[in-house]
Structures are given as structure tokens and as C-alpha cells.
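Protein chains: 2
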Amino acid sequence: MTETIKDDAFDLLEALKAQLKAHELDAILIPHNDEYLSSELTPDCERIATLTNFTGSAGFVCVCINREDALPLEVANRKDESDLRKIEHEQAVFVDGRYKVQVKEQVNEDVYDCFNFAEITPAAYLCAILPKKSRVGVDLKCISYQYYQDLKQALSIAGIEIVPLEENLLDLVWEDRPKAVCSPVEIFPDEYNGCPSMQKRQALAQTLRDRSLDATIISSPETVCWLLNIRGRDRDFLPIINCRLVAYANEALEWYVNLEHLSDEVQASLEDHVGHIDIFPEVGFDDVLQRLSSSNCTIYVDPRNTNAHIFDVLYSHGAKVVKGLGLCELPKARKNATELAGEHKAHLKDGVAMCRFQAWLDDLTKASNITDLEGYQRRVEDIDEAVLAEKAEYFRRIEGDFIEPSFATISALGPNAAMCHYNHAEVATARKMGTDPLYLIDSGAQFLEGTTDITRTILVGPNLTEEMQLMYTLVLKAHIALASTIFPPGTCGMQLDAIARRPLWEYGCDYEHGTGHGVGHVLAVHEGPHNISTKSSNIPLEVGMVTSIEPGYYEADKYGIRLENLYEVCPCSQQGCQHMLCFEPLTLVPFDTRLILRELLTPAERSWLNDYHQNVLSVIKNAASTLSDMEVSYLTTATAAI
Amino acid sequence: MTETIKDDAFDLLEALKAQLKAHELDAILIPHNDEYLSSELTPDCERIATLTNFTGSAGFVCVCINREDALPLEVANRKDESDLRKIEHEQAVFVDGRYKVQVKEQVNEDVYDCFNFAEITPAAYLCAILPKKSRVGVDLKCISYQYYQDLKQALSIAGIEIVPLEENLLDLVWEDRPKAVCSPVEIFPDEYNGCPSMQKRQALAQTLRDRSLDATIISSPETVCWLLNIRGRDRDFLPIINCRLVAYANEALEWYVNLEHLSDEVQASLEDHVGHIDIFPEVGFDDVLQRLSSSNCTIYVDPRNTNAHIFDVLYSHGAKVVKGLGLCELPKARKNATELAGEHKAHLKDGVAMCRFQAWLDDLTKASNITDLEGYQRRVEDIDEAVLAEKAEYFRRIEGDFIEPSFATISALGPNAAMCHYNHAEVATARKMGTDPLYLIDSGAQFLEGTTDITRTILVGPNLTEEMQLMYTLVLKAHIALASTIFPPGTCGMQLDAIARRPLWEYGCDYEHGTGHGVGHVLAVHEGPHNISTKSSNIPLEVGMVTSIEPGYYEADKYGIRLENLYEVCPCSQQGCQHMLCFEPLTLVPFDTRLILRELLTPAERSWLNDYHQNVLSVIKNAASTLSDMEVSYLTTATAAI
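Chains as they are written, first to last, in the numbering used here: chain A, 188 to 829; chain X, 188 to 829.
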């Protein structure tokens, strides 16, 4: 974070405001996501980071040129007057609870107000700051239709009009905007995906016919890649290529994709792998929408993962649209036997890697210096968050069929862990070991067999307090409470979320992020439609779904704790509960028992933890013949019953 | 339940089918509720009971005259083929989980199919049984607009049309239909309601102005009675009079009510009590809707508690309607200090009454005979569910300011308790004591100070099994789990529901009803908008709301267990949790500790129970100087620490 970046950004802000004026707008709302509504952005779509320096994976920016003196904003669920928030500037950044610390580190608060959008929505802000009948520009490509509808309704209270933008005004003034990425299409073999593309296509067409629909638009690239059993490298962490697809009830598929993705060779093998599909350049997609709209087809579209521009074109050309959850979303989320077996293999590799990493870290904290990756001697005090992250990645990379990390590793020492989505690569100086008691690492991998995601909080230094141990124990209790829950079919994530929070609530604590997210199979590490959170998680958990369980606790400027495993949703095998569902662990990595206040665990919680550790020990030891004596010794100690 | 009733009902069914034919309908959907959408019906609206003999408080009947051979119906979340349900008849009754046993006892299954609508909705049934383009008649007055919209959408899949009925076709052929009830309006004094009507009216008008609305239609009589601080006796258990109201932003109120409710004397005192209101006969309400619609007013209406007919008139006359949660619903649910103090007083009386009842019952089960209410000697074996219910009501009645029971007492011995909403008065022979180990009593009162509702399951006889003790203990654990939960502001019932279910889920068990409902203040014992259930309970719990917590377990043909207390939502006083909310018990009645498997309770659960009992003992003993030695002795034993 340098002053130069901020100065550049300031010029950009001024240029953007000139555009607002030229377009007779009073304000603009800039969403974080790109036109695929993806949160993993390619560099050419890093609009908020370029403008404000905020690099989080979700958020909005509002820029106004015609503000009124607004009253202080009412904060949702505020406790007292001090919660009222003043509006000081003409522009504001809105982030969620995960980023409330990070946003203040990254964004210049002399220029931007920073809000948590659980407390103040961009819509409430715009209603407060703008005169009635103001015009707010939005690039409809970067928001979902669902969000567009909600936004329109919220702004209508203050008589504010949303003006759909023909061009993205920020892109117009973004001088050195990077070029779009275009990676080659890769065939994802049936031995890994477990279901030929033709079979998925036939099932989709059958669903369309069953529901008297003619076609469906799939505008999420992950879903297209799942359907076609392909992958790509357009983005870091998310092995997809940018594309869209129209599927018809007669099994025909039209694929809209930048043709640079496709060599002749790939095109030829694609036909073998997928069957016949009609391939068109993606730039013509608006024309397709117009043709579809005037064809008297009944078209099925998901308003939550399709951008508002697509709906705008459909509706303005008289399309017959049926809205609902994307027809591939549940089939994609219900992993098949091959995918699940792959996930277990991937997690075994990941478990070996993380166990070796933790053994290495354990050794490191005992020694005063270690041999680092390049063979140099370093003092513990020279080891920083970047070295730690590289080391964890190294242990994963040496396992076979590693593609890439499944997201930017969160490697956070001491107070940095209080930022849920901290990235050491985005601060001026990564923090060094030696003074902090706690280290949080949230990391994962894309292996060819599956996708992993795990968080551990580990004792690495002096100054551990009893409060930290208490909070670690409460977060562990929260994790175990949900992980050990048996529940009936039909139960959705919103029903389960509070089971994890309850042990923290009991001490007046909470965490401002979801409790769990679905995980794609060699696709997005955050994949719906199911999740476990306080809101909008009304999709029942079903057999074969994968979910994280990751409660946490964050004390700003001090420390952060999160304990995350992935679980497979399975039929329960317990006597009398065979009609129920349960969570079977995928993740095979010990929790740090040194941080537990044992007397706070119930016998049932201790028993869950000891059983989990017993299984980690036996599976990892059996599988990893290459473990060193030191690593075996670490693992044996780390998994010892408490 | 006699054959005669069934024969009468059969004639009525045939007459109804003739009406369907005459109106060129293929089917009719008959909802349980009346035109106020109330589930506590006056006799003239007991349509489903008259037609089918089913007396439950919720349900639908479908009658078809033009059915197809439908495939077996797919049951939601079905486990295997045996769950598929065949359609055998031309008519079906749909009930919820609470009534799945009762419906089969009451309804002639040679005439009606009986379905649980959590598994098969009336809409799915109609889609399956009717040819495409069929016409289904519905009296729009008896369904909410929200339900009407959902129904239209669900039926549109099969191209089935809903035909709004001008007249209720069942009423046309119902020969000895009772007359509508019309009780005098009673002033509900400010010393009990705690907030003058004028103050409520001003706050409502302010809300209308704040939201740029001109008027709101209040079509729930409970809400009108709350706003005007009046009560009445139009129905058993629910002390209201039937009426509707239009409130304007300028504070004017128009009250639509059968003028027979109002003596000159009451009209005069009403003006003092409420301020000026314009009173009109309710029969003219459709004209008012038309006038409002064409007046260019913006009218606020709640689609969940307003019938579809009202919306139909509004929309067909071009009204500008804004839909949302009724503007009085949250103010009514957030009880004021006077109402809460009243609830505590009412629960103290209720606690004394229930403690004396339980002491009497305890004595009864020890003796071989007792002196009954009329002074006669009876053998225990002659005491039936009706006598027990009367005795419980007797102990309430002798406390001061008792108005009436707050609902029909559920007094159920042995297997009858497996019917969640069993009513001994509706079966041929009430069950007698002597052979069943368990007795379930769910009862409550309308006192002038407040409304009570409590369920206990009590050991009253031989043959107790360990399974019953296990299930009692699990239901108690479920109750304690939720009752002891501390939670942040903003938490809604759907988030909390599973905390209660989890201890039962762990043993593969569950209950097919909500975990908790809001309770009105000398109004409906089931009052929203908040509740605690698996679905549609997205209203946050707030300070001052009252809710039941009532998990249960039901083993058909064997026994039923439910443990219900009412709680007030309060700020938490625990150190470090002052920003959180918690449940403070209103109910003051011991749980039957003889039924508990002590070793299954955690120390924290035992401690909650012992603290609760300690409080019950001290409060009841202090308050009730009239307790006999026997009653004090019972209470001391019943509340002893375990």
C-alpha cells in the first residue's frame, strides 16, 4: 500500500466523476463482481481495487457528485446513539463483516466513508445522501437480476432512478486497464468427473421437457464447465474459462465463448468428449438473447446468478421468462460417487501436506532457526507470513496432481488474523514470527481429484492469554456442535447455523461471516446453492453435498481464530437414525489441543474430538509412507486423546 | 363420532358436488379459516368439520367431480416406494403434522383421502388428479392473498384455473347452518392495556406519513381490538369481535363492524376511551374498498393476514397498493411494561392453579378414590380426560379475573396424547385413568391481566417404560437447550428452531409442529408475526415479545410428550452479554422430575432445571397463602433439586 497507488486512484476518481457529470448522473454504484457475477476477478475487472485499493472479494463503491447534507445514518440493530454513522465524503465503500478491519487498512478514509453493509446498505446510503429524483448509474452486467430488483425497490422509496449504463464508466477512464485473459480449454476427464457430459445434458433436457420449458440460459461459467466437463485457467484459483451456454429441450447446446480459448486440436477432442455442440463467439450473445426473446420460447433463467443486463435484453424483446434456481445447480452440488471418492483422495493429500506443515511449524517454534525452502538458515524472527504460506503450498505441491491453490492463502500472525480475509501479499510488510502467540492459516488446493479448504489456528509463540484459550475452546465447541449434528432430510443451512453460534453467543460473542459454504468439485471453493448462514440459506442439505463448517472469533487488533473442516453430507449410519443425515469429515488435520481449556469441553465434545484425531492419525499414517520420524512423532502427539 | 353425522355429511357432500356441476367447476378447494382468516371459528364457519367431521384448527378439503386416474403422488422427502400415496377418492382432506393421527380417527377414509400437507400440498394433489385446463372454485374470502398467489402459481404448471366464487358454494347447501355470533363490544381498560388507543393511533398515522402512505386496511379483528383497546366474545377462547378498520395518515379511523355489537351506552363510552372514530356497518366494506381504490390513495395492506377477496376488489378497481407486514403487527407483538407486568401476574395465578392441579393429581394417583368437584366419591378408574380438564379449569377459575380458557384444553391420557391437538370433547368416549402411565395436559387461560398457555406431561399410572423416560428426557433437553440460549438482536425464530430439535434429532426423532408461537395479550394465544419454526419465521425476536417453547415427541397409538412454557424476550443481564437477548420464563409450574433419566442431563441442564424449580417454589409459595399443607408438600417435593 503506497501513496503512489492512492494518488493514481484519486486521479481515477476525479475522472470518473467527470464521466458522471457528462452522463447527467448524480451517482454511480460500482459492484465488486464481474459480468459473470464471479467474485474471483481477472485483473481487468479489479475495479474496486483499482479505484479504492480495497482488495476484498465482495463489496460495493458508491460515488456521488451531487450530495445533500444527510442526517447520520441509522445502523441496523444499533445499540445506542454512538452507532449512528455520519456521512463525511462524496464516496463510500461497503464491505461485509469479514472485511471490516481490512477495509480500514486499505482504503483512504480521508476520501471514502467505509460501511459494513449488514448495518447500512448502499441503497439506504444513496437514499440518505441524494436529493429526490436523483439518477444513479449502474452497469447491469455486474449485478444479478435479483439484486437489481431489490435495489430498484429500495431506491424507489426516495424516488431515485436507476440508470442502466451502456458502457462501464469506470472502464472508460481506467487508463492502463489490463487485457482480458483467455486461457486454453482443457478437457476434464471422465475418470475424475464421474458423469459424461452427454448424460448431464440429457438429464437437463429432460428437466426442461418435464417443466414445459424450451430452453435455459446458463450464464455461470462454473456451471457451463461442469456441464461440459471442461476446465480452464482464466482466473487464479478457479479453474474455469469465461463462457455462457444456452441449452434446449431437444438436447441441443449452444456454447458462447471467446474462440481464442479453442485450438483446432481441442475443438476436435471436444466433440468426442462432449458430443456435438454449436460453438459461437461470445460477443454475439446479446443477439442470441434477442432471437430467443422473439422466438416464442419459454426460457428458464436463474435471477440470482444471471446478470441484470441479460434479463433487461430478454424483457425488452418480449421474452417469456420463467425464473428459478438454475436447473444444473442442485445436480452440480450433489456430488456423484466418483467426485466424492476424488474429494476423499484430495483431502488425504491435503491432510498429509497440512500435517507435515504443522510438524514443520511445531519444530520451527521449538528451534531458534530452521532451514528454509531454499536451504538457507533463517532465524525464527525472520520467518514471515509469506514464508509460512509458501511452505504450506510447497507441501501441497509435492503431492501429486496439484493444480493450484483453491484461493489466496490467508496466512495471518497475531492481530492480522482479526481480518477474516487478510492477504499478506497485499500489505506493505508481511508480519514476522516471534512475538505473536497465534497463527491462523486458511488455505486449500485444487487437485485433479478435488478441491480442499481448511483453516487452523495454531500456537506459534509467546504471550498466549487465557482469553485466547477460552475463545479457541468456544470456537472448537461451535465447530463440534454443528459437525456432530444429526438432522432430518429437508433441513436447510439457515436452520443449522445457530447450532454453531450458540456456544459463542453464550459468552456474548459471535462472528460476522457465514458458518459454512458449499464447495465445488475442481471448481469454485465457494459453490452454492446451499450454504450455512444466518440468511438466505433455504436450500436443504442433501446427500452428496460438500460444505465447510468454519466458526470463528475475531478480536480487532489482537487475534483471530477460525477452525474449518470440509464435510460430506451422508446418510446417518447410527442405530435408529438411518433416515437422518449427518456430516462426515473430509478434512484430515489435527486441531491444536494445546489451546483447549479441557474443562470447558463436555464429555461428548471430548469424545468427538478424540475420535476425529484417532481417525486422522490412522488414515494419515497408513497413507503417507514418506512421513519422517519427526512428522510421525508430531502427528502422534498432536492427535493424542485429551 | 356417530354414523349419523357421517350420513348427514355425505348428503352435504353430494349437494356440494351438484353445486360444482351447476357452476361448471371441476373441483373446489375449501379452506379451514373464515373470512378474517382466523382459525378459531364461530359455528357458522365450521365448514370442514360439518363436511368431513375433522375438527382440527387448520386444513383444507378438495372435492373433485371430474378426476383423472392420477399416478401415485410423490411425497416430499420420501424415503422409499412405500411413501408414494395413492389417490383413491374424489375428495381429500389435508392437515398438518399435528393432526395426522386425529384426522384418521375423525374422517371416513372410505370417502376421503387424508394427506399431510407437508408431504403433499392441495395444489400438487389438484395438479395430479385434474385434467389440464380444469376449473377450481375457491372462496377468496377464506384464503390470504399470499396463499392465493402461491396457489395460482402452483396450479398454473398444470394449466389449472382458479375461479373466484361469488358465493361460498358449501354455505349454499348447508341446510341448518348456525347464525353468525354478535357479542357486545367491551372496553379493555387502560390499566390492563398500558397504552391509550389514541397513542397507538397516532403512532400508526406517523408510520403512514413516514412511509408516504395514505391509508392502511386492518382486516385482522385481533389487531383492530388491540388498536381500539376493546375486546368481545364473538368466539370461544379469542376475546374479540369481528370487524375491520381503515386507518388514515391524518389519524382518522373508519371502523367497519356489525352495529349490533354496539349498544348506545357502549358507543358513548367508546368515544371517551378511544377518541373519535367513524363507525360503519361492516356489510358496506366492499364499497369502501372501491372508493379507496379510485381515490388515488396509496393503501398499505398485509398480504398474509388479509383475504384475497379484499385484494381482488382493490386491484380490480385500480388501487395503488403497497404490500408488507401489517404496520400494527410489531407494535402489538412488542408488549409494553403494563402488558408484561400483567403477563407475569397472569402466570403467577396460572402457576398456582397448575401447581394445585398437579398436587391434586399426585394425590389422586396415590389414593384409590377421591372426592370430585361435586363432592361425590369416585374411583380413580372413573376419572376421565374430561374430569381432569374440568379440574384444571376449576383451579384457574377460582383465581381472580379469569375470563375463559385461552383454547380448548388438550387433556390426553396414554395414546390420545399422540394426537398433538386431541380434544376429549370430540370423541365418543373420553379415556379413563388407571392404565396409562402418562397424561398430557395443554391448557391456558385468558385472565384480564394476560394470556397463558402451558403443557406438562405427567406420570399418572402404571406401565411406564424406559423408552418413555428417554423420550421425556430428550424433550426436556430440547426445551432447556432453547430456553437457555442467549442470542444477538436480529435473530429470527427459524434460526433458533433447530437448537430445540437437535437433542431429539440425535436419537433419530423429531416433532411435526413448530417449536414456539407468539402469544397475544388477552388476544389470540397464537399471535404473530414472530414464531419459532422450521419455516417462514424470519421476524427477529425483540425485547418484550412473548413466545412459547414447546418441543414434543409423539409415538402414534402409544403416548405423547410435550413440554411447553411461555417466555418473555429480555435483554440478557449476564456479565459480558448485556448486548444479547435471552428468554425469561413466564410460566411457573414444575416439570415432572420422576420421568427424567438424570444421567442423560448435562450439569448445565440440571442446573437450569434446578434453578427454574427453585424459583417456582419460592414465587408460588410466597404468593399463594391459600395453599394447603398437601399442596405445599407436593410443591416442595416436585421442585426438589435433582
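For glycine and all other residues, C-beta sits at the position ideal for the given N, C-alpha and C.
Chain X beta carbons: is any one of them nearer than 8 Å to that of Glu693/A?
Yes, contact with chain X.
Provide the residue span of the alpha helix (DSSP H) that contains Ala554/X, from first to last.
From DSSP, Ala554/X is part of no alpha helix (DSSP H); its letter is neither H nor E.
Which one of Phe241/A, His463/A, Glu222/A, Leu207/A has the shortest CA to CA distance from Val470/A?
Checked all of Phe241/A, His463/A, Glu222/A, Leu207/A; the closest Cα to Val470/A is Glu222/A.
To which residues does DSSP link Cys832/A through a beta bridge?
With chain A represented from 188 up to 829, any question about residue 832/A goes unanswered, as that position is not in the structure.
Comparing the C-beta of Pro490/X with each C-beta of chain A, is any distance below 8 Å?
Pro490/X does not count as touching chain A.
Let me know the beta strand (DSSP E) ranges lying completely inside the segment 290-375 of chain A, each 3 residues or longer, listed in chain order.
Listed in chain order, the complete beta strand (DSSP E) runs (minimum 3 residues) inside the segment 290-375 of chain A are 299-303, 322-325, 348-351.
On a Cα-Cα basis, can you pick out the residue from Asp421/X, Pro383/X, Arg396/X, Ala392/X that is closest to Val368/X?
Here the closest residue by C-alpha is Asp421/X.
Between which two residues does the alpha helix (DSSP H) holding Leu517/X run?
Looking at the DSSP string, the run of the alpha helix (DSSP H) that includes Leu517/X is 516-520.
Quick test of your reading: Ser406/X and Arg431/X, contact by CB under 8 Å. State the CB separation rounded to the nearest angstrom.
Indeed they touch by this definition, with Cβ atoms about 5 Å apart.
Report the option in Leu775/X, Ser225/X, Thr789/X whose CA atom is closest to the CA atom of Ile428/X.
Considering only alpha carbons, the answer is Ser225/X.
Would Cys764/X count as contacting chain A if we go by Cβ distances under 8 Å?
Chain A, which has a Cβ nearer than 8 Å to the Cβ of Cys764/X, makes this yes.
Run through the DSSP bridge pairs and tell me what Phe247/A is partnered with.
DSSP output for Phe247/A lists Pro218/A, Phe281/A as bridge partner(s).
Evaluate Met817/A with the Cβ neighbour count: other Cβ atoms within 10 Å of its Cβ, from every protein chain shown; 16 or more gives buried, anything less gives exposed.
Looking at its Cβ environment, which holds fewer than 16 other Cβ atoms inside 10 Å, Met817/A is exposed.
Would you check if the distance between the CB atom of Tyr487/X and the CB atom of Val509/X is smaller than 8 Å?
Yes, they are a contact pair.
What residue does the beta strand (DSSP E) around Gly747/X start on, and which one ends it?
Taken as a continuous stretch (DSSP letters only), the beta strand (DSSP E) holding Gly747/X covers 746-749.
Using only the alpha-carbon positions, how far apart do Gly705/A and Ser331/A sit?
Answer to the nearest angstrom: the Cα atoms are 20 Å apart.
Where does Tyr581/A fall in DSSP's three states?
The answer is helix: DSSP assigns Tyr581/A an H, G or I state.
By a C-beta neighbour count over all protein chains shown, 10 Å radius and 16 as the cutoff for buried, is Pro716/X buried or exposed?
By the 10 Å Cβ count, Pro716/X comes out buried.
Please list, in chain order, all residues of the same chain as Arg491/A whose beta carbon is under 7 Å from its beta carbon, the five residues on each side excluded.
Around Arg491/A: Ser331, Gln333.
Please say whether Gly695/A and Gly763/X have beta carbons closer to each other than 8 Å?
Yes, the Cβ-Cβ distance between Gly763/X and Gly695/A is below 8 Å.
What is the DSSP secondary structure of Thr734/A, reduced to helix, strand or coil?
Residue state, collapsed to three classes: strand.
May I have the straight-line CA-CA distance separating Ala576/A from Gly529/A, to the nearest angstrom?
Cα to Cα, the separation comes out at about 25 Å.
With a threshold of 7 Å on Cβ separation, who are the neighbours of Pro351/X within its own chain once the five nearest residues in sequence on each side are excluded?
Result list for Pro351/X: Val325, Leu327, Asp499, in chain order.
Which chain X residues are close to Ile673/A, counting only those with a beta carbon under 9 Å from its beta carbon?
In chain order: Arg689, Trp692, Glu693, Tyr694, Gly695.
Considering only their Cβ atoms, is the gap separating Met620/A from Glu580/A smaller than 8 Å?
Their beta carbons are not under 8 Å apart, which means Glu580/A does not touch Met620/A by this criterion.
Is there contact here, the segment 656-669 of chain A with the segment 787-796 of chain A, by at least three beta-carbon pairs under 8 Å?
With the cut-off at 8 Å, the segment 656-669 of chain A and the segment 787-796 of chain A touch.
Please report whether the beta-carbon of Ala685/A lies at a distance below 8 Å from any beta-carbon of chain X.
Closer than 8 Å: yes.
Counting only beta-carbon separations shorter than 8 Å, does Gln340/A have a partner in chain X?
It does not; no Cβ of chain X falls within 8 Å.
What is the DSSP secondary structure of Cys769/X, reduced to helix, strand or coil?
Strand at Cys769/X.
Report all residues from its chain with a CB closer than 6 Å to the CB of Thr672/X; omit the five preceding and five following residues, and keep chain order.
Around Thr672/X: Ile686.
Would you call the CB atoms of Asp629/A and Glu751/A closer than 8 Å?
For Asp629/A and Glu751/A, yes; Cβs fall inside 8 Å.
Flag this pair as touching only if the segment 310-318 of chain X and the segment 284-296 of chain X have three or more C-beta atom pairs under 8 Å; answer yes or no.
These segments do not touch.
Determine which residues of the segment 755-783 of chain X have a Cβ less than 9 Å from any Cβ of chain A, and write them out in chain order.
Going along the segment 755-783 of chain X in chain order, one finds Cys759, Gln761, Gln762, Gly763, Cys764, Gln765, His766, Met767 with a Cβ nearer than 9 Å to chain A.
Please decide whether Met541/X counts as near chain A, where near means a Cβ-Cβ distance under 8 Å.
For Met541/X, the answer is no, since every Cβ of chain A falls outside 8 Å of its Cβ.
Just to confirm the assignment: which complete beta strand (DSSP E) runs, minimum length 3, are found wholly within the segment 581-635 of chain X?
If we require 3 residues or more, the beta strand (DSSP E) runs fully inside the segment 581-635 of chain X come out as 589-592, 597-600, 625-630, 632-634.
Under 9 Å Cβ-Cβ, which residues of chain A neighbour Thr721/X?
Chain A residues near Thr721/X: Gly677, Thr678, Cys679, Gln682.
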